[in-house]
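So the sequence lines, in the order shown, correspond to chains A and B. Throughout the first sequence, residue numbering follows my numbering, covering 18 to 284 in sequence. Throughout the second sequence, residue numbering follows my numbering, covering 16 to 312 in sequence. The C-beta atom is built at its ideal place from N, Cα and C for all residues, glycine as well.
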Amino acid sequence: MGAAVIPARIQTVRPADVVAKLRVEGVSKVYRRRRQAVTALESVNLHVHEGELVSLVGASGCGKSTLLSIVGGLVEATDGEVRVDGDRVVGPGADRGMVFQGYSLYPWKTVAENVSFGLEVARWPKAKRAERVDELLGVVGLRDVRDALPKELSGGMKQRVAIARALAPEPDLLLLDEPFGALDAQTKLHLHDFLLTVWRQLGATILMVTHDVEEAIYLSSRIYVMSARPGRIAEEIEVPFGTVRGSSIKRDRRFLDLRDELHESIG
Amino acid sequence: MIGERDPVTMHDEDARAPAWAASDAPTRTPGVRGRRQSPLLRIRGSLGIGWKIGLATAGVAAIVIVWTVKAASTTDASSVLPTPAATWSALVRLQRDGTLGADLWASLQRVLIGYTISVAIGVVLGIAIGTFASIEAFFEAQIGFLRYIPASALTPLFLIWLGIGEAPKIWLIVVGTVFYNVLMIADVARAVPRELLDASYTLGAGRTTVVRRVILRHCVPGIIDVARINLAAAWLMLVVAELLAAQEGLAYQITRAQRFRAVDTMFALLIVFGLIGLLSDLALRFIRNVTSPWARP
Numbered sequence: 018m019g020a021a022v023i024p025a026r027i028q029t030v031r032p033a034d035v036v037a038k039l040r041v042e043g044v045s046k047v048y049r050r051r052r053q054a055v056t057a058l059e060s061v062n063l064h065v066h067e068g069e070l071v072s073l074v075g076a077s078g079c080g081k082s083t084l085l086s087i088v089g090g091l092v093e094a095t096d097g098e099v100r101v102d103g104d105r106v107v108g109p110g111a112d113r114g115m116v117f118q119g120y121s122l123y124p125w126k127t128v129a130e131n132v133s134f135g136l137e138v139a140r141w142p143k144a145k146r147a148e149r150v151d152e153l154l155g156v157v158g159l160r161d162v163r164d165a166l167p168k169e170l171s172g173g174m175k176q177r178v179a180i181a182r183a184l185a186p187e188p189d190l191l192l193l194d195e196p197f198g199a200l201d202a203q204t205k206l207h208l209h210d211f212l213l214t215v216w217r218q219l220g221a222t223i224l225m226v227t228h229d230v231e232e233a234i235y236l237s238s239r240i241y242v243m244s245a246r247p248g249r250i251a252e253e254i255e256v257p258f259g260t261v262r263g264s265s266i267k268r269d270r271r272f273l274d275l276r277d278e279l280h281e282s283i284g
Numbered sequence: 016m017i018g019e020r021d022p023v024t025m026h027d028e029d030a031r032a033p034a035w036a037a038s039d040a041p042t043r044t045p046g047v048r049g050r051r052q053s054p055l056l057r058i059r060g061s062l063g064i065g066w067k068i069g070l071a072t073a074g075v076a077a078i079v080i081v082w083t084v085k086a087a088s089t090t091d092a093s094s095v096l097p098t099p100a101a102t103w104s105a106l107v108r109l110q111r112d113g114t115l116g117a118d119l120w121a122s123l124q125r126v127l128i129g130y131t132i133s134v135a136i137g138v139v140l141g142i143a144i145g146t147f148a149s150i151e152a153f154f155e156a157q158i159g160f161l162r163y164i165p166a167s168a169l170t171p172l173f174l175i176w177l178g179i180g181e182a183p184k185i186w187l188i189v190v191g192t193v194f195y196n197v198l199m200i201a202d203v204a205r206a207v208p209r210e211l212l213d214a215s216y217t218l219g220a221g222r223t224t225v226v227r228r229v230i231l232r233h234c235v236p237g238i239i240d241v242a243r244i245n246l247a248a249a250w251l252m253l254v255v256a257e258l259l260a261a262q263e264g265l266a267y268q269i270t271r272a273q274r275f276r277a278v279d280t281m282f283a284l285l286i287v288f289g290l291i292g293l294l295s296d297l298a299l300r301f302i303r304n305v306t307s308p309w310a311r312p
């Protein structure tokens, strides 16, 4: 499966006028707090092409998680619209799988049952369900703990389960909300390579929110930098590395320059 | 142990402590850093199984000893304070002549029926209130008002409305516990993490599925805990009901014993109440752990 997908993705960066998988157009979000209007997002435009891994970075409070929730359909935009494959997003759905910082696994379900939940909801036949769960547990390397409860797993393993669960119903788009924020540095590095492998193997389209600049550069093909108050897109950056990356790129001159530049613009 | 510091330390403390230091500022023994913690009096410490059993036994023994000594030194003990032995023989007598079984069953039946209704209402309304702001808004004022009416004050009204059969007793138990159950189960439902619901929506679950398969399931151990805690209130209402109008039942039997100044019988029945409470508590804890091993601490 994987080998067939890779060549198509080498040319990750395509002009924006090609029809994108995800288009966010003029999205604004205004909260009303005690008769005061707080603008969390102001006419945000962005797009993600099929098979791209795009990051959204910015200081805390810049509205990047709100933007992701709007794409997920969990929060309603005050203005503007989100389109996936041309369809307008009006609410949450399995076509936009989401992974949160706090794992949010069902504590009473085993690893396999957690991964299976979205398939049960979509009424997959039992045999197909078992097959898909087994395939995903293989991809995320958790076949050995398929019958364990979440509380028996480490943070890194829990997040792998959450990613497998979100991928199970074959979403068009995977939305990651600071997915590695709660993990220790060592586990985080492991999961970075894990995510790149999964992305390549399954040919997923991913939009990820993070405040970790190095994480964004290491993983993404493109980065949107957001500024705060009101949250808007300040910059769009192409990451000059191919899809097959090793940790050696972290010593590359361009990596370091980009990192410094991003740190500066996020402040 | 308190105030029992050795003189060297005291001296040491005086020498080192600045004038503004509080009197319980840490003492320092030369060559040792930090405060050693007592194994038994450590805050939120954990005990070995030996200590646990030993201390529990000592606690029960202490009560039995105080009781025995007090009863032995009371004149006319049989009508004021019976000895443990007299209480035991009263219990055996009740068991032999069959009244204990009949009364126990009568009371148990009332509590079982009344409390089951109460928990059922609690689960349905509590989950609904804790899940939907609209339903919460609809019920908030009524429950806020009704729950402050002491349920026992409704007894005369219930006797007029429902007669003196089983119905008023059962409804008294329902009314005396249902508000606690509803409000506490609503809190259990509110404690379901928002992210878990969001994750479910993005896995394709609709509202009904989320309520049924996520919220309700997540609330199971919490509901059992609420039921366990409020069960005591159900027995309280049972006693209120039986004291006023009943021909059988544990509390009715206590008032009957009062007429004959049979204090030993009263004590025996009180012990039965305590044992029922203890057993139901253990049973509900067991059910909680079996149905929700994931929530076991």
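>> Quick check on the burial criterion: 16 or more other C-beta atoms within 10 angstroms. Buried or exposed for Met16(B)?
In response: Against the second sequence, residue 16(B) aligns to sequence position 1. Note on Met16(B): pLDDT 46, under 50, position unreliable in the model; the coordinate value appears next. Under this definition Met16(B) is an exposed residue.
> Between Asp202(B) and the rest of its own chain, which residues show a CB-CB distance below 7 Å, the 5 nearest in sequence each way excluded?
Replying inline: Here residue 202(B) corresponds to residue number 187 of the second sequence, with the count starting at 1. These residues qualify, in order along the chain: Gly145.
> What residue from Gly141(B), Ala168(B), Ala166(B), Gln262(B) has the CA that sits closest to Glu155(B)'s CA?
Replying inline: For the purposes of this step, residue 155(B) is taken as residue 140 along the second sequence, with counting starting at 1. Checked all of Gly141(B), Ala168(B), Ala166(B), Gln262(B); the closest Cα to Glu155(B) is Gly141(B).
> Per DSSP, what kind of secondary structure is Ala105(B) in: helix, strand or coil?
Replying inline: On the second sequence, position 90 is the one that residue 105(B) refers to. If DSSP states are grouped into helix, strand and coil, Ala105(B) belongs with the helices.
> What number of angstroms, rounded off, separates the C-alpha of Val47(A) from the C-alpha of Lys175(A)?
Replying inline: Position 30 of the first sequence holds residue 47(A). Position 158 of the first sequence holds residue 175(A). Their backbone Cα atoms lie some 34 Å apart in a straight line.
>> Pairs of beta-carbons, one from the stretch 220–235 of chain B and one from the stretch 167–182 of chain B, closer than 8 Å: are there three or more?
In response: no
> Straight-line CA distance for Ser307(B) to Ala245(A)?
Replying inline: What you label residue 307(B) is simply residue 292 of the second sequence in a count that begins at 1. What you label residue 245(A) is simply residue 228 of the first sequence in a count that begins at 1. In a straight line, the C-alpha of Ser307(B) is about 44 Å away from that of Ala245(A).
>> Which residue marks the beginning of the beta strand (DSSP E) containing Leu39(A), and which one marks its end?
In response: By one-based count along the first sequence, residue 39(A) stands at place 22. Where Leu39(A) is concerned, the enclosing beta strand (DSSP E) stretches over 39–50.
>> Looking at chain A, is there any beta carbon in it that lies within less than 9 Å of the beta carbon of Tyr151(B)?
In response: On the second sequence, position 136 is the one that residue 151(B) refers to. For clarity, residue 151(B) is Glu in the given sequence; the question names Tyr instead. No, Glu151(B) lies away from the interface with chain A (no Cβ there is under 9 Å from its Cβ).
>> Which of the three DSSP states is assigned to Ser307(B) in this structure?
In response: Taking the first residue of the second sequence as 1, we reach residue 307(B) at position 292. Reduced to three states, the DSSP call for Ser307(B) is coil.
>> Let me see if you follow: with CB-CB separation under 9 Å, is Ala206(B) close to chain A or not?
In response: As a working mapping, residue 206(B) is identified with position 191 in the second sequence. Judged by the 9 Å Cβ criterion, Ala206(B) is not in contact with chain A.
>> By the three-class DSSP mapping on this structure, what secondary structure does Gln53(A) have?
In response: By one-based count along the first sequence, residue 53(A) stands at place 36. In the structure shown, Gln53(A) sits in a strand (DSSP, three-state: E or B).
> How close, in whole Å, do the beta carbons of Gly43(A) and Asp96(A) come, if the pair is a contact with beta carbons under 8 Å?
Replying inline: Position 26 of the first sequence holds residue 43(A). Position 79 of the first sequence holds residue 96(A). Between Asp96(A) and Gly43(A) the Cβ distance is about 6 Å, and since that is below 8 Å, they are a contact.
> Can you list, in chain order, the residues of its chain whose CB lies under 8 Å from that of Ala87(B), leaving out five sequence neighbours each side?
Replying inline: On the second sequence, position 72 is the one that residue 87(B) refers to. Around Ala87(B): Thr98.
> So, Gly135(A) versus Ile283(A), is the Cβ gap smaller than 9 Å?
Replying inline: On the first sequence, position 118 is the one that residue 135(A) refers to. On the first sequence, position 266 is the one that residue 283(A) refers to. The answer is no: Cβ separation not under 9 Å.
>> Please report the distance separating the alpha-carbon of Gln28(A) from that of Leu219(A).
In response: For the purposes of this step, residue 28(A) is taken as residue 11 along the first sequence, with counting starting at 1. For the purposes of this step, residue 219(A) is taken as residue 202 along the first sequence, with counting starting at 1. At Gln28(A) the pLDDT is 46, less than 50, meaning the model places this residue with poor confidence; the figure from the coordinates comes in the next sentence. Taking the straight line joining both Cα atoms gives about 17 Å.
> Can you list the residues of chain D that Tyr216(B) reaches, using a CB-CB cut of under 7 Å?
Replying inline: Structure shown: chain D not included; protein chains present are A and B.
>> By the three-class DSSP mapping on this structure, what secondary structure does Leu166(A) have?
In response: As a first step, residue 166(A) must be located in the first sequence, where it is residue number 149. Looking at Leu166(A) - three-state DSSP - the assignment turns out to be coil, as it is neither helix nor strand.
>> List, from N- to C-terminal side, the alpha helix (DSSP H) runs of 4 residues or more that fit wholly inside the stretch 132–179 of chain A.
In response: Listed in chain order, they are 143–156.
> From Val226(A) to Val55(A), what distance separates their C-alpha atoms?
Replying inline: Reading the first sequence from its first residue, position 209 is the one you call residue 226(A). Reading the first sequence from its first residue, position 38 is the one you call residue 55(A). Distance between the alpha carbons of Val226(A) and Val55(A): 21 Å.
> Enumerated in chain order, which unbroken segments of the alpha helix (DSSP H) with a length of 4 residues or greater are wholly contained in the stretch 71–124 of chain A?
Replying inline: 81–89
>> Can you check whether the C-beta of Arg268(A) is within less than 9 Å of a C-beta belonging to chain B?
In response: Position 251 of the first sequence, counted from the start, is the residue given in the question as residue 268(A). So no, Arg268(A) is outside the interface.
> Looking at C-alpha atoms only, which residue of Ile269(B), Ile78(B), Tyr130(B), Ile128(B) is the closest neighbour of Gly105(B)?
Replying inline: Numbered from 1 along the second sequence, position 90 holds the residue referred to as residue 105(B). Note on identity: in this sequence residue 105(B) is Ala, with Gly being the wrong assignment. Comparing Cα positions, the closest option is Ile269(B).
> Ala101(B) to Val84(B), Cα distance in whole Å?
Replying inline: As a first step, residue 101(B) must be located in the second sequence, where it is residue number 86. As a first step, residue 84(B) must be located in the second sequence, where it is residue number 69. For Ala101(B) and Val84(B), the distance between alpha carbons rounds to 14 Å.
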